[in-house]
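Chains as they are written, first to last, in the numbering used here: chain F, 1 to 188; chain V, 189 to 611.
The block underneath contains the structure these notes are about, expressed in structure tokens.
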Amino acid sequence: MRKRFFFIVIISFLLSLSTSAQKRKVGFQSVNQFAIVGGESRVNTAFQTVNGIKFSDCFFGIGVGIDYYKYQTLPLYFDGRWYFGEDKRGFIYGDVGYDFPMKNKPEKEISYYSSYHFTGGLYSDLGIGYHVPLYKKSSLSFSLGYSSKELKTKVGSAYQCLVAPCPVDYSTYEFSFNRMILKAGLVF
Amino acid sequence: MKKSTKILKTLIVLFLFSLLNSCVKDTCRRIYTYSYYLPVYKTTAEVRANIKSSTPQEITNPGKIVLLGNYIFLNEVDKGIHIIDNRNPASPQNVAFINIPGNMDLALKGNILYADLYTDMVTLDISNPLNVLVKKYSEGVFPYRIYNSGFYGDSTKIITDWVKRDTTVTQSCGGNPVYYSPNAYVDFSAVQSSGGNKNSSSPIGKGGSMARFAIVNNRIYTVSNTDLNVFDITAATDPVFKNKVNVGSWSVETIFPFRDKLFIGSQNGMFIYNINNPDKPVSIGQFSHVQSCDPVIADDNFAYVTLRSGSACQGFSNQLEILQLSNITDPKLVKVYPFTNPHGLSKDGNLLFICDGSDGLKIYNAADVNNLKLIKQISGVETYDVIAYNHIALVVANDGLYQYDYADVNNIHLISKTGISKK
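Listed below in structure tokens is the structure:
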């Protein structure tokens with residue numbers, strides 16, 4: 001249901017961009033980033049690619065990536081940027097979307113389990129960055145932000161019994177990972 | 189100058205990044221639901237008045253199973269015993285039910301059935317299965333009815349039923365769950381089930397490898413969590429408590445008799461007792477293993493122990509261990525075979541039957557323990573315990589009692605299934 005909702009929102013967003021693109025001077029832009037993600041648990045890496053349309057001082061796109069912080073996830077999100085400064089090199093950005101779990105196993109905070117199932121949650125990122133022009137429309141992008149990803153896992157602990165179904169205790173673990181995210185990327 | 193400024197800016201950003209890392213915190217919360225059961229009590233007099241053969245009832249939660257002659261005696265956990273007429277294995281008939289609240293274990297010798305009734309033992313004459321007669325109550329012989337949640341019932345009354353209550357708790361991760369209940373039993377599980385011995389003047393019921401009662405000649409041996417109890421049944425209808433032996437383990441699970449030995453399975457090892465003096469079992473050997481549930485059976489030369497995971501025993505091994513018993517005081521591990529989730533097992537001649545959970549029933553030629561040869565795997569059934577006897581393998585599975593004919597090992601086939609009612 002949640003996935004369907006996001007799909008509908010994405011389609012609506014693209015349609016609205018298409019309409020506004022006809023009215024203004026617009027251009028396609030791709031932002032491809034490597035990130036270091038650091039928080040309470042550890043420091044990990046992430047990769048992201050955001051593709052969208054830039055018009056005036058704004059950029060709107062759709063991003064997808066791989067996030068290795070604690071549990072591997074695949075965030076799919078909307079990305080919005082606003083460029084500021086005299087030469088429009090500074091920018092603030094915001095991402096919001098859904099975080100899909102990849103292949104994971106419960107970590108040490110879940111000591112005993114006989115089954116598990118991960119589900120995703122909200123993904124968000126807010127930060128500030130700077131562009132360094134390279135050649136023509138390409139540039140290097142650096143940013144520092146605060147990112148949060150949510151994840152759930154339903155864990156079953158089975159108990160012995162003679163005849164199934166054996167009693168199973170189910171627990172749901174709800175994680176909220178709050179991290180700082182430092183990105184470097186290539187924009188073209 | 190410009191280059192050094194850039195480096196400085198980069199360093200500032202990195203410093204800021206590492207500084208802010210320590211400021212952000214992850215959160216984790218655990219939400220769990222559990223059930224607890226409030227006991228429904230009856231007085232001892234009320235319960236005793238109702239211990240008799242009654243109309244057959246649906247099998248819903250089967251436990252230990254014992255085969256005697258043409259009858260199958262199947263424990264309905266905490267409720268009583270189903271009597272199944274198995275004169276025609278192709279069409280077993282559920283003929284009667286004996287109400288015995290709190291019953292989990294049973295043993296049979298001749299026409300006498302011994303069963304636990306919470307902390308008591310009841311002796312029944314089953315000459316006519318449709319009209320069993322109580323012969324004796326041995327009171328308080330099982331004083332410690334263990335409940336995982338630390339629940340202790342009212343010792344002056346008998347629990348005849350439970351009323352289920354569900355509750356949901358949210359807490360931060362890291363700690364253990366806190367199961368609170370108002371003097372109730374919190375359900376974390378239960379298991380159990382029965383061994384066989386033929387060296388007796390009266391036929392003795394043959395049980396599965398998960399038994400906690402065993403009869404050898406004129407003694408009935410029972411195991412509790414830590415103890416081995418001995419009852420003299422020379423006068424079959426008048427069992428007399430003779431002795432209690434501390435096994436030296438905190439998690440005794442099963443007992444299997446073979447000749448003049450008792451093989452006791454616990455969560456952390458197998459213990460061997462000599463019963464040359466039947467009233468004074470003497471520990472003569474043991475074999476330790478990792479913590480796990482471990483039904484055990486034995487023959488003249490070897491002991492077969494299955495270890496499994498995914499249970500209250502908290503083990504992480506799923507395997508069959510075969511131990512050499514040539515030096516009974518010092519069993520040696522001969523070979524380990526990996527399994528999926530092995531439970532009960534049984535042996536008839538060179539045929540070894542192993543219930544491997546969701547992998548079904550596996551039948552091996554065990555003539556050479558170093559090279560078990562799979563003869564047949566019966567899939568599609570979640571199996572838990574098996575009694576192989578007289579060319580019929582009686583298998584307890586998640587959806588019923590199955591009987592397989594293995595007279596011809598090349599044509600092992602299903603002859604009947606008695607369904608279990610799911611409630």
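In this text, a Cβ means the ideal position worked out from N, Cα and C, and glycines have one as well.
Computed from a predicted model, the values in this text were never measured in an experiment.
Residue i - DSSP class collapsed to helix/strand/coil
i	result
Ile-600(V)	coil
Thr-517(V)	coil
Glu-509(V)	strand
Lys-183(F)	strand
Leu-144(F)	strand
Asn-258(V)	coil
Asn-249(V)	coil
Ile-608(V)	coil
Thr-198(V)	helix
Ser-192(V)	helix
Ser-382(V)	Legend: pLDDT at Ser-382(V) = 31, less than 50; position of this residue unreliable, no value from coordinates given.
Phe-47(F)	strand
Asn-209(V)	helix
Phe-59(F)	strand
Leu-204(V)	helix
Tyr-306(V)	coil
Pro-244(V)	coil
Lys-54(F)	strand
Asp-169(F)	strand
His-579(V)	coil
Asn-387(V)	Confidence at Asn-387(V) is low in this model, with a pLDDT of 35, below 50, so the placement of that residue is unreliable and no value is reported for it.
Of the residues the options, the one placed nearest residue i, counting alpha carbons only
i	options	result
Ile-472(V)	Phe-459(V), Thr-422(V), Pro-466(V) and Leu-256(V)	Phe-459(V)
Val-440(V)	Asn-464(V), Asp-448(V), Arg-400(V) and Lys-449(V)	Arg-400(V)
Asn-238(V)	Asn-249(V), Val-320(V), Gly-457(V) and Leu-589(V)	Val-320(V)
Thr-49(F)	Leu-74(F), Arg-42(F), Ser-56(F) and Val-37(F)	Leu-74(F)
Lys-194(V)	Tyr-130(F), Asn-44(F), Ile-62(F) and Asp-57(F)	Tyr-130(F)
Tyr-492(V)	Cys-216(V), Leu-539(V) and Asp-448(V)	Leu-539(V)
Phe-142(F)	Phe-59(F), Arg-89(F) and Gly-80(F)	Arg-89(F)
Asp-420(V)	Val-411(V), Asn-431(V), Thr-414(V) and Asn-413(V)	Asn-431(V)
Lys-54(F)	Ser-171(F), Gly-185(F) and Tyr-83(F)	Tyr-83(F)
Phe-211(V)	Arg-217(V), Lys-468(V) and Phe-203(V)	Rather than Phe, the amino acid found at residue 211(V) in this sequence is Cys. Of the candidates Arg-217(V), Lys-468(V) and Phe-203(V), the one whose C-alpha sits nearest the C-alpha of Cys-211(V) is Phe-203(V).
Leu-318(V)	Cys-361(V), Lys-324(V), Pro-244(V) and Ile-253(V)	Pro-244(V)
Val-43(F)	Phe-188(F), Gln-72(F), Val-31(F) and Tyr-123(F)	Gln-72(F)
Asn-529(V)	Gly-537(V), Asn-558(V) and Leu-495(V)	Leu-495(V)
Asp-189(F)	Asp-169(F), Lys-103(F), Lys-137(F) and Ile-110(F)	Because chain F spans 1 through 188 in this model, residue 189(F) falls outside it and cannot be assessed.
Arg-217(V)	Gly-120(F), Ser-171(F), Gly-185(F) and Phe-188(F)	Ser-171(F)
Asn-599(V)	Tyr-306(V), Ala-554(V), His-579(V) and Asp-448(V)	His-579(V)
Ser-609(V)	Val-557(V), Thr-248(V) and Asp-349(V)	Thr-248(V)
Ser-437(V)	Pro-277(V), Phe-475(V) and Leu-296(V)	Phe-475(V)
Pro-427(V)	Tyr-409(V), Lys-240(V) and Asn-413(V)	Tyr-409(V)
Thr-356(V)	Val-484(V), Val-574(V) and Ile-219(V)	Ile-219(V)
Same chain, Cβ closer than 7 Å to residue i, neighbours up to 5 away in sequence not counted
i	result
Tyr-572(V)	His-531, Gly-532, Cys-543, Val-584 and Ala-585
Thr-231(V)	Lys-345
Lys-550(V)	Ile-542, Asp-544, Leu-562 and Gln-565
Thr-153(F)	Pro-106, Tyr-116, His-117, Phe-118 and Tyr-173
Asn-178(F)	Gly-39 and Ser-148
Asp-354(V)	Thr-221 and Ser-223
N- and C-terminal bounds of the beta strand (DSSP E) containing residue i
i	result
Thr-425(V)	No beta strand (DSSP E) holds Thr-425(V); DSSP gives it neither H nor E.
Ala-399(V)	Ala-399(V) -> no beta strand (DSSP E), and no H or E assigned at all.
Ser-554(V)	The amino acid at residue 554(V) is misidentified as Ser; the sequence shows Ala. That residue, Ala-554(V), is in no beta strand (DSSP E); it is neither H nor E in DSSP.
Pro-75(F)	73-84
His-117(F)	115-119
Tyr-492(V)	490-495
Pro-280(V)	Taken as a continuous stretch (DSSP letters only), Pro-280(V) belongs to no beta strand (DSSP E), as it is neither H nor E.
Ala-35(F)	26-39
Thr-442(V)	440-446
Thr-410(V)	407-411
Ile-472(V)	470-476
Other residues of its chain near residue i: CB distance less than 6 Å, five sequence neighbours each side excluded
i	result
Leu-76(F)	Val-64, Gly-97 and Tyr-98
Gly-145(F)	Asp-125, Leu-126, Gly-127 and Ile-181
Gly-203(F)	The question about residue 203(F) has no answer, for chain F in this structure spans 1 to 188.
Ser-176(F)	Glu-150
Thr-517(V)	Ile-472 and Gly-473
Tyr-461(V)	Leu-450, Pro-469 and Ser-471
Cβ separation of residue i and residue j, assumed to be a contact under 8 Å, to the nearest whole Å
i	j	result
Asp-308(V)	Tyr-229(V)	Incorrect: roughly 15 Å between the Cβ atoms, too far for contact.
Asp-293(V)	Ala-303(V)	7 Å
Ile-443(V)	Ala-486(V)	That belief does not hold up - the Cβ atoms of Ile-443(V) and Ala-486(V) are roughly 11 Å apart, past 8 Å.
Asn-263(V)	Asn-291(V)	6 Å
Gly-588(V)	Gly-568(V)	Contact flag wrong, Cβ pair sits at about 12 Å.
Cutoff 8 Å; reference residue i; Cβ partners in own chain excluding five residues on either side
i	result
His-601(V)	Tyr-592 and Asp-593
Tyr-112(F)	Ser-157
Span of the alpha helix (DSSP H) around residue i
i	result
Ala-233(V)	232-237
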